[in-house]
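I have placed the structure first, in the form of structure tokens, so that the comments after it can refer back to it.
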Amino acid sequence: MAEFFDRLDDKHIAMLEKQPVFFIATATPIGRINLSPKGYDAFRVLSPRRVAYLDLGGSGNETHAHLAADGRVTIMFCNFERPALILRIYGRGVPVLPQDAGWAELAEHFHLMSGTRQIFVIDVESVQTSCGWGVPFMAFERERDTLRKAHAQSDPAEWTAKMATRIASIDGLPVRPTDRYIASD
């Protein structure tokens, strides 16, 4: 049976911190629904009512476009071990880019990786847990390092120029590109 909460509690946070993958869904009144898996050590609980995740450049930037246009977001975590549990965070989010006010303070919560494009900040409106009894047991083997390697091997000027061309979603919604390449240490 599903339960709703108005914020994340300590048990929720403990479960989230153990998960190597989460899923983010966004939509606008028109166009496609976006649903993306996310990995790496990229999710942070900033407070019981605010979360954030670090976003690397990838094939598109649909989450940015949708949040800029509509703001609604759902983040889902599944516990693939015991106890069975699905946790969804419903909220409203905004992209924060390296050139934006507030970037430096947010970035302190993360280990920035080569290719970091933005940080999404989500104000939690509600949290839902459900049984997860239909979710299979799965074991985490390791992260894929392909995306991070590709960004680390990029020429910073070429990478920034490429990101500057990505100004629209697949449905034509506007996207603000990052103005700088971030290299990891």
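Numbers given in the numbering used here equal positions in the sequence shown, counted from 1, plus 62. C-beta: ideal position from N, C-alpha, C; glycine also. Keep in mind it's a predicted model, so treat the numbers as computed, not measured.
Proline 242 to phenylalanine 66, Cα distance in whole Å? Sequence check: residue 242 is arginine here, not proline. When the Cα atoms are used, arginine 242 and phenylalanine 66 turn out to be separated by approximately 40 angstroms.
8 angstroms Cβ cutoff met for threonine 240 and leucine 159: Going by C-beta atoms, threonine 240 is nearer than 8 angstroms to leucine 159.
What residue does the beta strand (DSSP E) around isoleucine 137 start on, and which one ends it? Segment 134-141, the beta strand (DSSP E) holding isoleucine 137.
Close-in-space but distant-in-sequence residues of the same chain around tryptophan 165 (CB under 8 angstroms, 5 per side omitted): Excluding sequence neighbours, tryptophan 165 sits near Val158, Leu159 and Ile181.
Count the C-beta pairs between the stretch 162-176 and the stretch 120-129 that are closer than 8 angstroms, then say yes if the count reaches three, no if not. With the cut-off at 8 angstroms, the stretch 162-176 and the stretch 120-129 do not touch.
What residues match up with asparagine 96 in a beta bridge as DSSP calls it? Under DSSP, asparagine 96 forms a beta bridge with Thr88.
Distance check for proline 145 and alanine 201, CA to CA, integer angstroms please. Their backbone Cα atoms lie some 14 angstroms apart in a straight line.
Can you tell me where the beta strand (DSSP E) holding glutamate 65 begins and where it ends? First-last of the beta strand (DSSP E) with glutamate 65: 65-67.
Residues in its own chain within less than 7 angstroms of phenylalanine 199 by CB, not counting five upstream and five downstream? So the list reads Phe142 and Glu143, once near-sequence residues are dropped.
Which residues does DSSP list as the beta-bridge partners of glycine 249? Beyond the ends of the chain as shown, which are 63 and 247, falls residue 249; an answer cannot be given.
I need the DSSP call for threonine 191, collapsed to helix, strand or coil. In the structure shown, threonine 191 adopts extended strand secondary structure according to DSSP, grouped into three states.
In angstroms, rounded to a whole number, what distance separates the CA positions of aspartate 185 and isoleucine 75? Their Cα atoms are separated by approximately 15 angstroms.
Does DSSP put aspartate 72 in a helix, a strand or coil? Here aspartate 72 carries a helix assignment [DSSP, helix/strand/coil].
Would you identify the three-state DSSP class for threonine 227, choosing helix, strand or coil? If DSSP states are grouped into helix, strand and coil, threonine 227 belongs with coil.
Nearest by alpha-carbon distance to phenylalanine 85: which of Leu70, Arg94 and Val135 is it? When only C-alpha atoms are compared, the closest one is Val135.
Nearest to alanine 114 by alpha carbon, out of Ser192, Gly177, Gly155 and Leu129? Looking at the Cα atoms, Gly155 is the closest of the given residues.
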